[in-house]
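For reference, the structure is listed below as structure tokens.
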Ligand SMILES: Nc1ncnc2c1ncn2[C@@H]1O[C@H](COP(=O)(O)OP(=O)(O)O)[C@@H](O)[C@H]1O
Ligand SMILES: [Mg+2]
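In this note's numbering, the protein residues as written are 161 to 526.
If you want it as structure tokens, here you go:
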């Protein structure tokens, strides 16, 4: 059986001051996977990346790259390269010299350095600025230079720490696409750190959600979005309507929760939860539709009531804000023509409805 490209086993990091930055991190990454790490600032993303790169020691646990234990292997001997948020470009060196630097440190023969540097310049379309210095480069060129410097060492795993943080939204989107294409083309593993959930979801083959040093969930983007397994993920990812209650019934992968809106059903993510314990009903707002309050739900639908508080129309779309009877608000995207003439003005009572299999029942550990 082939080894994983990257394997973390109960990885733990305690900084000298006593901060537990990472705890019990287990992860197995296949060759060529694009893995995103996402979570709020301070949750341990950078620390984990630095441990993989060998820039930070491991307090306990194991870290393997292609089956080889990395304990005691220094940074420059690891098959990794790191792209930092600020790029760390040397301002006094040209683009070409910046790219060559990592190979010179590794004492490669001059002809080999030249060959690899020129190939990188071509691959990342830096020919026009090969002799320029950082000060005269655009944001996109700096980004490509940072990539060229990492890739020229021919890493097995590229580690990217919020590499797009400094770019404006449009450039960010086009570089996201370039990065995906580059990664497929190189067929090496990317570990991509971001605090932006939309970026993590659009880039990753799988997404690792971190919170306070721990892994909350590791899933493919669609599963993460539609089937959160923890309260934190339900709140952090997507646009979910979350209704609190107590578990009333379980069976065959489904569950029902008693809420102040009555009994609501959904797919259960944990069969360990016991009846009577706190649970959340999580409904992606994309699956919620607006109906007249006195209409009858279809078979397999669940329904809750609220009052319209506002409508924003943007072209053919309409965003309807509804205050529910638990005082929470939700914003439902719909089409202008779907609500026209249906009496859905502010103050009107409405029913929010969804197919119960779209809802996920998550144990609420508090
Ligand atoms: N060099 C350090 N020394 C002590 N504590 C640190 C150090 N670097 C980070 N931390 C702490 O470790 C935790 C995780 O930080 P970090 O890995 O940088 O998170 P993220 O990249 O997700 O924002 C935070 O509480 C942070 O303050
Ligand atoms: Mg960080």
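Virtual Cβ for every residue (Gly too), placed ideally from N, Cα, C.
Judged by the Cβ position, residue 181 qualifies as a neighbour of ligand 1 at the 6 Å threshold, a heavy atom of the ligand being closer than this. With respect to the C-alpha of residue 284, the residue from 293, 256, 240 having the closest C-alpha is 256. Counting along the chain, residue 335 sits inside the alpha helix (DSSP H) bounded by residues 329 to 346. Here residue 343 is not near residue 198, since their CB atoms are 7 Å or more apart.
In the three-state reduction of the DSSP assignment, residue 232 falls in the coil class. With respect to the 7 Å criterion, residue 479 and residue 458 are not classified as neighbours on the basis of their beta carbons. C-alpha of residue 220 to C-alpha of residue 169: approximately 9 Å in a straight line.
In the three-state scheme derived from DSSP, where H, G and I count as helix and E and B as strand, residue 300 is classed as helix.
For residue 206, the shortest separation between its Cβ and any heavy atom of ligand 2 lies below 6 Å. Counting other Cβ atoms within 10 Å of its Cβ, residue 281 reaches 16 or more and is therefore classed as buried. Counted as a single uninterrupted DSSP element, the beta strand (DSSP E) harbouring residue 400 occupies residues 400 to 411. For residue 164, there is no enclosing alpha helix (DSSP H), since its DSSP letter is neither H nor E. When the alpha-carbon of residue 437 is set against those of 415, 367, 509, 298, the nearest one is in 415.
Take the alpha-carbon of residue 306 and the one of residue 402: they are about 41 Å apart.
Here residue 386 has 444 as same chain residues with Cβ atoms under 7 Å from its own Cβ, once five neighbours each way along the sequence are excluded. Around the beta-carbon of residue 185, 16 or more other beta-carbon atoms lie within 10 Å, marking it buried. Short note on residue 177: C-beta closer than 6 Å to some heavy atom of ligand 1. Under the three-state reduction of DSSP output, residue 454 falls in the coil class, being neither helix nor strand. Here the distance from the Cβ of residue 202 to the nearest heavy atom of ligand 1 is below 6 Å. Relative to residue 363, the option among 392, 332, 506 whose CA is nearest is 332. Residue 432 places its beta carbon 7 Å or farther from that of residue 407. For residue 504 and residue 497, the gap between their C-alpha atoms comes out near 12 Å.
Counting along the chain, residue 273 sits inside no beta strand (DSSP E); it lies in the alpha helix (DSSP H) bounded by residues 270 to 283. Beta-bridge partners assigned by DSSP to residue 355: none are found.
When only Cα atoms are considered, residue 430 and residue 341 end up about 37 Å apart. With fewer than 16 other CB atoms across the displayed protein chains lying within 10 angstroms of its CB, residue 502 is exposed. Contact between residue 451 and residue 500 is ruled out by a C-beta separation of about 15 Å, above the 8 Å threshold.
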